[in-house]
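S.K.:
Residue numbers (this note's numbering), protein chains in the order written: chain A, 514 to 785; chain B, 15 to 329.
Set out below in structure tokens:
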């Protein structure tokens, strides 16, 4: 490579790799430790640990754990549905019909960034107390508050999608052919921003799977709350589940990056 | 669904239709009275009011109320008077500053190193995806990662034990629960966040600037000192502020690591929410939460100011 904007020459190449190794080392060592820690068997005759898959197998046999994984996936599904039903429709509608309100919607969607989850939970606890008494004590109701947490991430993804297609031209074309607004939104605009919707959905799923602050302080037994509780009794299983969950979210994000940037993925394949 | 273009506008019925999504076309000057398109935003605003604005209001108002609901300054005074709260705020701010600066520098270096690679390559995509996981979705799981590394029986604790002995600080696995341990753990999730925030601006550096600098005889140093540095400085500052709020608001990792004692403000809020309330201090948790809102808001305002200048500059 010739001199590039980021530097060139052997010295800079070495600096780049040195940084990659050191900083990535900082980031990777704890993750490697998780693998090491969760595969430890009893100490062998030479004083080092033997390796076992016992704790990884134990994950599949822990009914409470499996149950909360499905519970969290259920909450995630509801959150995603709510995100599409409420946020995507509202944002599309504001782009099409009330562009004046776009700034207000943006402000409200980014507002959760200024209100930490631990603060939100203080204010929302009385509301959930009412919900529990009057409506249901199901943890699935957590999706209502999770939608708030998801807003800033989802907003950026959807906004990017809406900006990248010419929403108004599409709408005008469809309207001139006799389509109603509902049809314009659901059959014309939504398919055109499906990558953005998918991206927002994946971020929502990742966020719901990892959420601990609100569920634990509202005393719901979600995935992370159970991992924490298991960790009190048996660190090895908790570490194994944690690593598996981090890996799962990582794969989700890789897939979405490959899928979302289809062209760049193909480019990479050519260049590799 | 929509009215045909020729529908007489004099039908007299307010033709909004059952849903606002079905409002008739604007085409054709005369049209029947219909529901304003603003109504379509109503569900969103109702939802936001109940689950975002109302909780915020409950915190802000509750901070100034006693158990009976009448006005009092006692909660706010308690926050300032009690050394436990004051220290928790102080430690949280200090931890956030330290890890924001450390994370900003290390994350920027990492972004620079990653930006040089192939834009669609596996290294870059994996680093970005991994950063997303570690920065935003780690929480409790990160605590377990560090327990497996530096905790009792952790992988590196074993190594330290062999080298330094069981009595040494690093070999005992105790330091993880101290402020130094929290600093290491927090920096761990600040670096990836910095990468995500900062990488786009490094990508924004143009080849022509480097070429122009080089063709005028500029060295690498002068390029960074006079061109790339000033270009990136506002984004860097903005990102550092963002990292501050990120650390300040972080709860899950610290809560999972530290189950006894409440050195940080977020953990003080946990204590206020979960333990028996002291008579007359029912709403101190709300006052603590209000304190967090104030600090985060100030930093976010600074961030917005920096951000405005950045976008002006980038145009």
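Note that CB positions come from ideal geometry on N, CA and C, so glycine has one too.
Sort out for me which residues DSSP pairs residue 564 of chain A with in a bridge.
M.R.: DSSP lists A:553 as partners of residue 564 of chain A.
S.K.: List the residues of chain A whose Cβ lies closer than 8 Å to the Cβ of residue 197 of chain B, in chain order.
M.R.: Close to residue 197 of chain B, with beta-carbon spacing below 8 Å, lies no residue of chain A; the smallest spacing is near 13 Å.
S.K.: Report yes if the C-beta distance between residue 264 of chain B and residue 203 of chain B is below 9 Å; otherwise report no.
M.R.: yes
S.K.: How should residue 300 of chain B be labelled, buried or exposed, when 16 other C-beta atoms within 10 angstroms of its C-beta is the threshold for buried?
M.R.: buried
S.K.: Grab the span of the alpha helix (DSSP H) containing residue 656 of chain A for me, first residue to last.
M.R.: Taken as a continuous stretch (DSSP letters only), the alpha helix (DSSP H) holding residue 656 of chain A covers 655-677.
S.K.: Less than 6 Å between C-beta atoms, sequence neighbours within five positions excluded: which residues of the same chain meet that for residue 310 of chain B?
M.R.: 259
S.K.: Return the first residue and the last residue of the alpha helix (DSSP H) that residue 208 of chain B is part of.
M.R.: 193-217
S.K.: Are residue 52 of chain B and residue 768 of chain A closer than 9 Å when you measure CB to CB?
M.R.: no
S.K.: Using a beta-carbon distance below 9 Å, is residue 61 of chain B in contact with chain A?
M.R.: yes
S.K.: Any chance the region 173-190 of chain B sits against the region 229-244 of chain B, with 3 or more Cβ pairs inside 8 Å?
M.R.: Fewer than three Cβ pairs drawn from the region 173-190 of chain B and the region 229-244 of chain B lie within less than 8 Å of each other, which leaves the two stretches out of contact.
S.K.: Which chain B residues are close to residue 494 of chain A, counting only those with a beta carbon under 7 Å from its beta carbon?
M.R.: Only positions 514 to 785 of chain A appear in this structure, which leaves residue 494 of chain A out of reach.
S.K.: Whose CA, out of A:632, A:603, A:571 and A:608, lies closest to the CA of residue 283 of chain B?
M.R.: A:632
S.K.: From residue 710 of chain A to residue 146 of chain B, what distance separates their C-alpha atoms?
M.R.: 18 Å
S.K.: Hey, does residue 607 of chain A have any beta-carbon neighbour from chain B nearer than 9 Å?
M.R.: Using beta-carbon distances, residue 607 of chain A counts as an interface residue toward chain B, with a partner under 9 Å.
S.K.: So what does residue 79 of chain B bridge to, in DSSP terms?
M.R.: As DSSP reads the structure, residue 79 of chain B sits in a beta bridge with B:85.
S.K.: Helix, strand or coil: which one does DSSP assign to residue 151 of chain B?
M.R.: coil
S.K.: Listed from N- to C-terminal order along the chain, which residues in the region 582-595 of chain A have their beta-carbon within a distance smaller than 9 Å of any beta-carbon of chain B?
M.R.: 595
S.K.: Please go through the same chain and pick out, in chain order, the residues whose beta-carbon is closer than 8 Å to the beta-carbon of residue 681 of chain A, but skip the five residues on each side of it.
M.R.: 608 and 609
S.K.: My understanding is that residue 158 of chain B touches residue 755 of chain A, with C-beta atoms under 8 Å, so please give their C-beta distance in whole angstroms.
M.R.: 4 Å
S.K.: If you reduce the DSSP assignment to three classes, tell me which class residue 54 of chain B lands in.
M.R.: Note: residue 54 of chain B maps to helix in three-state DSSP.
S.K.: Quick one: grab the DSSP three-state call for residue 610 of chain A.
M.R.: Coil.
S.K.: Straight-line CA distance for residue 199 of chain B to residue 244 of chain B?
M.R.: 31 Å
S.K.: According to a CB-to-CB cut-off of less than 9 Å, which residues of the region 106-125 of chain B neighbour chain A?
M.R.: Answer set for the region 106-125 of chain B: 120, 121, 123 and 124.
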